[in-house]
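Read the structure below first, then the notes.
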Amino acid sequence: MIVGFGRLSNPIVSCLVFVVTFFIVPANAMSALLLDIDFRGVYEDNITASAADIGRKGDFYTILSASGGGYTEVGQGTYLFIRGDAAGYLYRKNSDLNAVIIGARAGIHRKFSDVVSAEVALGGARKEYKETGRSSSALGGSFEVRQQLTSRFWIKEGYAYENNNASSDIFSYQGHLLGLWTGYLVAPKTMINLGYSYLYRKYEEPADFRNRFHTISAAIAREVARKVYAYAGYSRQYNGSNIPDTANTNNIYTLGISYSY
């Protein structure tokens, strides 16, 4: 299920409307329900994406996102799942980047042992931006493997592919993401996360324009109430492209609160 909102108004309000209409699902519709709600504030000091964004400076923005759905067991240790996702982005200065993104994904989760599990998913999304040339439909898939090495420490490796077809070719791309992430429970209610990801995007316009992002990240999260978590994170991003003299770095600071059911 992919939902569009037509002309974009307030992306946070649009996201709230989607949460109310999509995520309030009868409990007997699925074997088990999933629900995640997240609100965060983010500051980036050097925003870079397509060729049109080269030279754009820093900005603060807020994100309200929610993901809900369910899963059912189809075999010992094997689960089918489906999730709907919604996110609203609201920028302080770069209002052309304000967006509502609505999508869905489905896949298989397999637990091979107490240590190793894996997941494969396919999905799609509709992205509505205030700058209509950025608005797009996207299809993609992902694969990840997780190792729960101890009761406190886990590692996850993942790959994701996205084909983003935008109204304007300068915002249309094929993307590949590779990543490695870890988590360590330093206290009963406190976890530290570290990660590295590599993102490669090839755009339709300008001809053969390519972006590469190397991102190193660290975050700390603490459970402040039952299933409610406060967190803070920092990422250092190294950006490059095949256009000369466009390499730069981006510092990303995040504060947020989330609920996970």
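The sequence shown finishes on residue 263 if you use the numbering used here, and the numbering steps up by one all the way, no holes.
The beta carbon of each residue, even a glycine, is placed where N, CA and C say it ideally should be.
To the nearest angstrom, how far is it from the Cα of residue i to the Cα of residue j?
i, j, result
"L182", "D171", "31 angstroms"
"Y131", "G142", "20 angstroms"
"Y261", "E133", "31 angstroms"
"L66", "T251", "26 angstroms"
"A249", "N241", "6 angstroms"
"N213", "T152", "37 angstroms"
"V117", "Q149", "5 angstroms"
"E164", "V226", "35 angstroms"
"V122", "I84", "12 angstroms"
"G109", "L124", "6 angstroms"
"K113", "K191", "25 angstroms"
"N195", "S138", "32 angstroms"
"R136", "R128", "11 angstroms"
"Y263", "K229", "7 angstroms"
"F211", "Y205", "5 angstroms"
"H178", "L201", "6 angstroms"
"G43", "F215", "21 angstroms"
"F253", "G70", "The question names Phe, but residue 253 in the sequence shown is Asn. One C-alpha to the other measures close to 30 angstroms."
"F173", "E207", "8 angstroms"
"A88", "V102", "7 angstroms"
"T64", "D47", "15 angstroms"
"F145", "E159", "9 angstroms"
"S119", "D247", "43 angstroms"
"T50", "V76", "43 angstroms"
Going by DSSP, name the residue or residues bridged to residue i.
i, result
"N1", "Nothing about residue 1 can be reported from this structure: the residues present for the chain run from 3 to 263 only."
"T80", "G77 and R112"
"V118", "Q149"
"I104", "A88 and R128"
"S262", "D38"
"E159", "V147 and L182"
"F62", "Y45"
"L257", "G43 and A234"
"S69", "D38 and D87"
"N96", "Beta-bridge pairing links N96 to no other residue."
Starting from residue i, trace the beta strand (DSSP E) both ways and give me its first and last residue.
i, result
"D247", "Premise fails: D247 is in no beta strand (DSSP E) and is neither H nor E."
"L35", "A34 to E46"
Could you tell me how far apart the beta carbons of residue i and residue j are, in whole angstroms, since I believe they sit closer than 8 angstroms?
i, j, result
"A223", "Y233", "4 angstroms"
"Y175", "R203", "4 angstroms"
"I218", "S237", "7 angstroms"
"D61", "K95", "5 angstroms"
"G79", "A106", "Between A106 and G79 the Cβ distance is about 24 angstroms, and since that is not below 8 angstroms, they are no contact."
**Request:** Can you check the region 181-249 for any beta strand (DSSP E) of at least 3 residues that lies completely inside it and give the ranges in chain order?
**Result:** Within the region 181-249, the beta strand (DSSP E) runs of at least 3 residues that lie entirely inside it are, in chain order, 192-205, 212-227 and 230-243.
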